[in-house]
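Some notes on the structure that comes next.
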Amino acid sequence: MKLQFIFVIVAIFISAVNANAQLSPTFKNVNYDDQYMGVEGFILGRTCYSLRATRLNLNCNPAFMAGEVENKLNFNLNLDNNVTEVSGYINELQDHESESIINRILDNPKPLVAYDLATSWWQYDWWAVAVTPARLAVASAVTNPAYPIVSSHVSFQREVSMRGGVFVAEDLNFKIGANLRYVQNNQFRDEFALLDVISGTRKINVVENNIVYFEPAMTYSWHSAWESHVSLVLTHLRLYESDRSVPDVARPEIGYSTSPEYLNKKLRTSIHYTARPDVTRIGDRFRFGGIYEFSDLLSFSFSLAGDEYGLGVTGRYDSVVLGLGTKSELFNLNGSDVGRVTTTLFQAGLTF
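So that you can map any letter, position 266 of the sequence shown is 267 in our numbering, and since no number is skipped, the others follow by simple counting.
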């Protein structure tokens with residue numbers, strides 16, 4: 002009966018995706034829209050929705066928070082190797098300076114990916130509150146030199162969120178949760194011919210949007226030596242948006258994770274599937290990732306997905322948390338490979 006219920010939820014999650022709503026432009030492997038909070042989430046990408054987080058991080062899947070006994074306050078600053086090149090976007094987005102954004106992209110036409118943010122959260126047992134005063138996400142490229150095509154996703158966000166998880170009745174194997182997020186988003190996102198903008202036949206504007214997301218989640222575990230879990234999360238489900246001109250779709254995230262008996266169960270791995278309609282090849286929707294915890298003070302994270310791979314380490318000394326991770330992604334734009342991008346992220350924070 003429980004498995005039937007789970008399959009019904011899977012069907013509902015998948016049917017919630019509007020296959021006709023396309024995200025334009027489509028950066029297939031570039032995970033610029035993940036709400037990670039540190040190196041661990043940056044490396045895992047969407048796989049973090051199907052893995053229980055380490056004690057130095059906040060669970061992406063709120064259902065995993067059910068039954069946790071935690072009381073911690075964290076502050077994190079995450080900067081990547083491209084921060085000096087992209088920091089100017091913040092003022093340009095807030096001032097709606099579309100022309101300056103286009104010029105900045107043209108000054109650096111090679112494929113570029115950047116993730117930078119400052120965030121904090123407080124977790125008390127099964128629930129948590131997070132505040133992100135600044136998140137900058139960039140993915141851009143200029144292709145076809147003879148007739149330049151500019152593809153861009155540049156956004157600056159501020160976010161407040163609350164998440165939590167509980168057991169279903171008295172079944173300790175079945176957990177549900179939800180994440181409620183309010184996001185202020187200034188975004189410049191489109192694909193256009195440069196000559197159309199120069200001639201005035203095409204005008205690209207910065208869109209300012211206030212969005213409320215509700216993201217339900219669940220996990221179900223089996224009594225087994227490998228501690229298997231199946232996980233479901235529906236991300237980017239909009240309850241409210243002030244501007245409906247920016248296309249987006251809800252995204253079901255489905256995963257199966259295990260903790261093998263060997264290595265003292267410190268290794269957790271997951272096979273993850275994302276049902277994004279803009280990723281048209283089924284094989285590209287699968288990801289494999291994992292976490293290896295040496296102790297509560299040190300952990301490694303890794304991921305592998307088609308043309309993407311990454312490795313990171315996060316450690317704690319007293320109240321100081323440091324992390325370093327690198328990820329290599331094949332920049333695939335609307336079905337065509339335009340180059341490989343390697344991004345390195347440095348994390349520095351405090352935990353109490």
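Yeah, the Cβ is synthetic: ideal placement off N, Cα and C, and Gly gets one too.
*asked:* Please report the straight-line C-alpha distance between E93 and I292, rounded to a whole angstrom.
replied: Looking up residue 93 in the sequence shown gives position 92. Looking up residue 292 in the sequence shown gives position 291. A straight-line Cα-Cα distance of about 38 angstroms links E93 and I292.
_7 angstroms Cβ shell around R298 - same chain, five flanking residues per side excluded_ = Taking the first residue of the sequence shown as 1, we reach residue 298 at position 297. Here the sequence assigns Leu to residue 298, which means Arg is not the residue at that position. Result list for L298: G316, R317, in chain order.
_Excluding the 5 residues flanking G311 on each side, which residues of the same chain have their C-beta closer than 6 angstroms to its C-beta?_
One-based indexing of the sequence shown puts residue 311 at position 310. Correct list, in chain order: I44, S304, K328.
_Using 8 angstroms as the threshold, is the C-beta distance between G284 and H273 below it?_
Your numbering for residue 284 matches position 283 in the sequence shown. Your numbering for residue 273 matches position 272 in the sequence shown. In this structure, G284 sits away from H273, with a CB-CB distance that is not shorter than 8 angstroms.
_Once DSSP output is grouped into helix, strand and coil, what is the label at M66?_
The residue you call residue 66 lines up with position 65 of the sequence shown. Helix, per DSSP.
*From the DSSP output, read off the bridge partner residues of H230.*
One-based indexing of the sequence shown puts residue 230 at position 229. Its beta-bridge partners are S222, S258.
*Taking the alpha-carbon positions, what's the A251 to R277 distance?*
The sequence position of residue 251 within the sequence shown is 250, counting from 1. The sequence position of residue 277 within the sequence shown is 276, counting from 1. So the alpha carbons of these two residues sit roughly 8 angstroms apart.
*asked:* Under 8 angstroms, with one C-beta from each stretch per pair, do the region 163-179 and the region 57-71 reach the 3-pair mark?
replied: Contact between the region 163-179 and the region 57-71 is present, because at least three Cβ pairs lie under 8 angstroms.
*asked:* Could you check whether L59 and S258 sit closer than 8 angstroms to each other, using their CB atoms as the reference points?
replied: The count along the sequence shown starts at 1 and reaches residue 258 at position 257. The count along the sequence shown starts at 1 and reaches residue 59 at position 58. No; because the gap between Cβ atoms is not below 8 angstroms, this pair is not in contact.
*Answer with buried or exposed for Q23, where buried requires no fewer than 16 other C-beta atoms within 10 angstroms of its C-beta.*
Locating residue 23 in the sequence shown gives position 22, where the first residue counts as 1. A caution first: Q23 carries a pLDDT of 49, below 50, which makes its placement in the model too unreliable to give a value.
*What is the DSSP secondary structure of S1, counted as helix, strand or coil?*
Limits of the chain in this structure are 2 at one end and 353 at the other, which puts residue 1 out of reach.
*asked:* Would T345 and D81 qualify as a contact pair, given that the criterion is a beta-carbon distance under 8 angstroms?
replied: Along the sequence shown, one-based indexing puts residue 345 at 344. Along the sequence shown, one-based indexing puts residue 81 at 80. At a Cβ-Cβ threshold of 8 angstroms, T345 and D81 count as neighbours.
*Going by other Cβ atoms of all chains shown within 10 Å of its Cβ, with 16 needed for buried, is E41 buried or exposed?*
Working through the sequence shown from its first residue, we reach residue 41 at position 40. It is buried - the Cβ of E41 has at least 16 other Cβ atoms within 10 Å.
*asked:* Can you list, in chain order, the residues of its chain with a C-beta nearer than 7 angstroms to that of S153? Leave out the 5 residues immediately preceding and following it.
replied: Along the sequence shown, read from residue 1 onward, the residue named residue 153 stands at position 152. Excluding positions up to five away in sequence, the list reads I106, S141, F189, R190, D191.
*Answer with buried or exposed for I199, where buried requires no fewer than 16 other C-beta atoms within 10 angstroms of its C-beta.*
For the purposes of this step, residue 199 is identified with residue 198 of the sequence shown, where counting begins at 1. I199 is exposed by the Cβ-count criterion.
_I need the straight-line Cα distance from V151 to L195, nearest angstrom please._
Taking the sequence shown and counting its residues from 1, one reaches residue 151 at position 150. Taking the sequence shown and counting its residues from 1, one reaches residue 195 at position 194. Linking V151 to L195 through their CA atoms gives a straight-line distance of about 7 angstroms.
*asked:* Please report the distance separating the alpha-carbon of L325 from that of T202.
replied: As a first step, residue 325 must be located in the sequence shown, where it is residue number 324. As a first step, residue 202 must be located in the sequence shown, where it is residue number 201. Pairing L325 with T202, the inter-Cα distance amounts to about 45 angstroms.
*Exposed or buried, N79, counting other C-beta atoms within 10 Å across all chains shown (16 or more means buried)?*
Here residue 79 refers to the residue found at position 78 of the sequence shown. Note on N79: 16 or more other CB atoms within 10 angstroms of its CB, so buried under the neighbour-count rule.
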